[in-house]
Amino acid sequence: MTESGGSVVMSEKKLRILVINDDGIRAKGIEILEQIARSLSDDVWVVAPDSEQSGASHSLTLTVPLRLRQIDERHFAVTGTPTDCVMMAAAHLLKDNPPTLVLSGVNRGINAADDVTYSGTIAGAMEGCALGIPSIALSQTYNHQDRRDIHWETAAAHGATVVKKLLENGWPKDVLMNVNFPDCPPEEVSGIEVVAQGVREWQEVVIERRIDMRDNPYFWIGFRRERIVAKPGTDLGALAVKKISVTPLQMNLTDWKVMQGLKHGVDTDFGAPAVPTEDTTGALIPAKERTP
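All letters in the sequence shown, in the order written, are residues 6 to 297 by the numbering used here.
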């Protein structure tokens, strides 16, 4: 792996690929992603959640211990989130020879627009990026309402091509790539388009209350989405015309334009701050209270 103009550029011959997901170690999508990875390298490792972690976002497991189950030489299941899986692989399983590429997915369903902040698939790539590893999230769009079969063959047919193109072009270290495949057969895909993250016009949070056999309430949470703004130049817009969407997402979430606009009215100087130090107990004390 070399750096050119602040971007990460990779050689396929030297790839050590970590494959993860949020749908779980037994999911169809991770099988497809492993096939994509093996078309790029013979050094592929799969470390995935032991159970489904959809919607886990960038969460960590901190209140209970993690369990690691080895399935075979290069397949492992973790009782945790996608972020846990990346950490387990990079800091434990592969710590002496870390991965040079993280591929996360292929997710069962779209990860575009507002989905990005909830997605465990995106978060897996985000954690790879945070650890300095070039990372790509991949998702296969499908229509949740009519429950048709998912066109996994579309991700399988076009996935390697998209990943190769991205690796050949490179991207900055603090950026991860979000790829979504359209809901259509592979022969109907009309192209690949680099686009911005879109936005949904309307969605409603739905909390459904039910009663179990012991007369205790339980709840399901979800969304009701009726309208989508498929603006050209966005991930939703590209998918609407059967294109593969590629969206660069940056780790730094600062809104620079808003920040500059706020500085004039909010920045305030309260005078020179005290220089803190530590007393013998380790507590911070202001410099003015220190004795020579």
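Note that CB positions come from ideal geometry on N, CA and C, so glycine has one too.
- According to the DSSP secondary-structure assignment, residue 174 is paired through a beta bridge with no residue.
- In the three-state reduction of the DSSP assignment, residue 166 falls in the helix class, which pools H, G and I.
- As computed with DSSP, residue 42 is found in no beta bridge at all.
- For residue 80, the enclosing beta strand (DSSP E) begins and ends at 80-83.
- Residue 221 has no beta-bridge partner at all, per DSSP.
- Assignment of residue 57 by DSSP, reduced to helix, strand and coil, places it in the coil class.
- Pairwise C-beta distances place the region 124-139 out of contact with the region 211-230, as fewer than three of them are shorter than 8 Å.
- The C-beta distance from residue 166 to residue 142 rounds to 16 Å, too long to meet the 8 Å contact threshold.
- In this structure, residue 53 sits away from residue 95, with a CB-CB distance that is not shorter than 8 Å.
- When the alpha-carbon of residue 68 is set against those of 84, 59, 229 and 46, the nearest one is in 84.
- Residue 183 places its beta carbon less than 8 Å from that of residue 116.
- Excluding sequence positions up to five before and after residue 180, its CB lies within less than 6 Å of the CB of 253 and 255, all in the same chain and listed in chain order.
- Straight through space, the alpha carbons of residue 44 and residue 169 are spaced by roughly 10 Å.
- Within 10 angstroms of the beta-carbon of residue 114 lie 16 or more other beta-carbons, which makes it buried.
- In this structure, DSSP gives residue 77 an extended state, which the three-state scheme calls strand.
- Here residue 51 is buried, its C-beta having at least 16 other C-beta atoms within 10 Å.
- Within 10 angstroms of the beta-carbon of residue 265 lie fewer than 16 other beta-carbons, which makes it exposed.
- Here the region 69-80 makes no contact with the region 104-111; the two share fewer than three CB pairs at distances below 8 Å.
- Around the CB of residue 270, fewer than 16 other CB atoms lie within 10 Å, so the residue is classed as exposed.
- DSSP places residue 145 inside the beta strand (DSSP E), whose first and last residues are 140-145.
- For residue 111, the uninterrupted beta strand (DSSP E) segment begins and ends at 106-113.
- In this chain, residue 248 is not harboured by any alpha helix (DSSP H); it is covered by the beta strand (DSSP E) spanning 248-255.
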